[in-house]
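The sequence shown begins at 1 in full-length UniProt numbering and counts up by one. In this text, a Cβ means the ideal position worked out from N, Cα and C, and glycines have one as well. The structure appears right after this line, and notes come after that.
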Amino acid sequence: MERRFASHPNEVKQFDTERLRKEFHIPVIFAPDELKLVLTHEDRMIVGGANPVKEEVALTTDLKELGVTYFLERRELGIINVGGKGSVVVDGTEYEVDFKECLYVGQGSKDVVFKSADASKPAKFYLNSAPAHQSYPTTKTTLADSESGAMGGLENSNERTIHRFIHTNGVQSAQLVMGMTQLKPGSMWNTMPAHTHPRRMEAYFYFDLPDDSVVFHLMGEPDETRHIVMHNEQAVISPSWSIHSGVGTHNYTFIWSMAGDNKRYDDMDPVSMKELQ
1 MERRFASHPN EVKQFDTERL RKEFHIPVIF APDELKLVLT HEDRMIVGGA NPVKEEVALT
61 TDLKELGVTY FLERRELGII NVGGKGSVVV DGTEYEVDFK ECLYVGQGSK DVVFKSADAS
121 KPAKFYLNSA PAHQSYPTTK TTLADSESGA MGGLENSNER TIHRFIHTNG VQSAQLVMGM
181 TQLKPGSMWN TMPAHTHPRR MEAYFYFDLP DDSVVFHLMG EPDETRHIVM HNEQAVISPS
241 WSIHSGVGTH NYTFIWSMAG DNKRYDDMDP VSMKELQ
């Protein structure tokens, strides 16, 4: 498991492109028959992926890094499949998780194994894990089950649908909040006008993006913005003090996840367009 440290905004102002990407960009989420994990000290979130192809992939890591005897002893886990049909086995119970379906796994679950239904079209399980103080039931949810809402408009190139999976009014968790935003054809902007939420960090995972397209992910303090170029199936860490927005050369889908002091989706500090620099 790779470790990333938290950064102060005054320090980030001095970063060049290489350093910015090293600290916040996660270029590889999926590798065949491997578990890829990045632990950030921003609210101790873990971002990663499991890509079972010819073999099953178990949720495990260097437990000394987490100070526990098994992965979810003091953690919870959110899973969204962005690949072919697959399943997740949690303590002997198997849950089918299809494309763009979500599974929440509660604190105290000891054995978690990822499987693909077809090796020629393997599942790709995107993972977010946050520390947990309470155990909630393992629960599956789908796009149809999610709390969804349309936002934006084509005139501003940001017509999109937001699906909330793990949140206060949906699948219950200790602190993890997780969902998905799908941009419609002709729309490229997300989360603009921008905002921050100093009480919670956030991570974005971009997918459904053609190989010859990119997303320019915007971050930084409102008056000191930076950008990171994102390709398909890559993730980025957003500190609580940073805006998190982006614009693509094509429409796309992204998964957002948060951890911190509360689970209120609407807990954000708006940033006006005039403040951005």
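- With 16 or more other CB atoms across the displayed protein chains lying within 10 angstroms of its CB, residue 175 is buried.
- About 22 Å separates the Cβ atoms of residue 62 and residue 91, ruling out a contact at the 8 Å cut-off.
- Taking a C-beta distance under 8 Å as the contact criterion, residue 245 and residue 191 qualify as a contact pair.
- Here DSSP, grouped into helix, strand and coil, assigns residue 258 to strand.
- Beta-carbon to beta-carbon, residue 196 and residue 241 are separated by about 6 Å, close enough to satisfy the 8 Å threshold.
- Segment contact: the region 83 to 97 against the region 10 to 27, fewer than three CB-CB distances shorter than 8 Å; contact not assigned.
- From the listed residues 107, 188 and 167, the smallest Cα separation to residue 266 is found for 167.
- A Cβ-Cβ separation of about 6 Å places residue 201 in contact with residue 259 under the 8 Å criterion.
- For the pair residue 35 and residue 59, the CB atoms are nearer than the 8 Å cut-off.
- Residue 131 and residue 263 have their C-alpha atoms spaced approximately 13 Å apart.
- Membership of residue 64 in the alpha helix (DSSP H) is indicated by the continuous run 63 to 66.
- Checking the DSSP bridge columns, you'll see residue 234 partnered with 206.
- Taking 8 Å as the cut-off, the beta carbon of residue 213 is found no closer than this to the beta carbon of residue 181.
- Contact check between the region 47 to 54 and the region 69 to 77: fewer than three CB pairs, one atom from each, fall below 8 Å, which does not count as touching.
- Listed in chain order, the non-local C-beta contacts of residue 20 below 7 Å within the same chain comprise 226 and 228, local neighbours out to five positions each way being set aside.
- By the C-beta density criterion, residue 234 is buried, having at least 16 other C-beta atoms within 10 angstroms.
- Beta-bridge annotation (DSSP): residue 131 is paired with 75.
- Pairing residue 33 with residue 117, the inter-Cα distance amounts to about 14 Å.
- Boundaries of the beta strand (DSSP E) harbouring residue 160: 160 to 166, taken from the DSSP string.
- Contact annotation: residue 237 and residue 4 have beta-carbon atoms nearer than 8 Å.
- The C-beta distance from residue 119 to residue 53 rounds to 5 Å, short enough to meet the 8 Å contact threshold.
- DSSP places residue 125 in the strand class (E or B) of the three-state scheme.
- Under DSSP, residue 220 takes part in a beta bridge, and its partners are 225.
- Beta-bridge partners of residue 114 (DSSP): 57 and 88.
- The three-state secondary structure of residue 94, taken from DSSP, is strand.
- When 177, 153 and 147 are compared, the shortest CA-CA separation from residue 188 is found for 153.
- Collapsing the DSSP output to three states places residue 274 in a helix.
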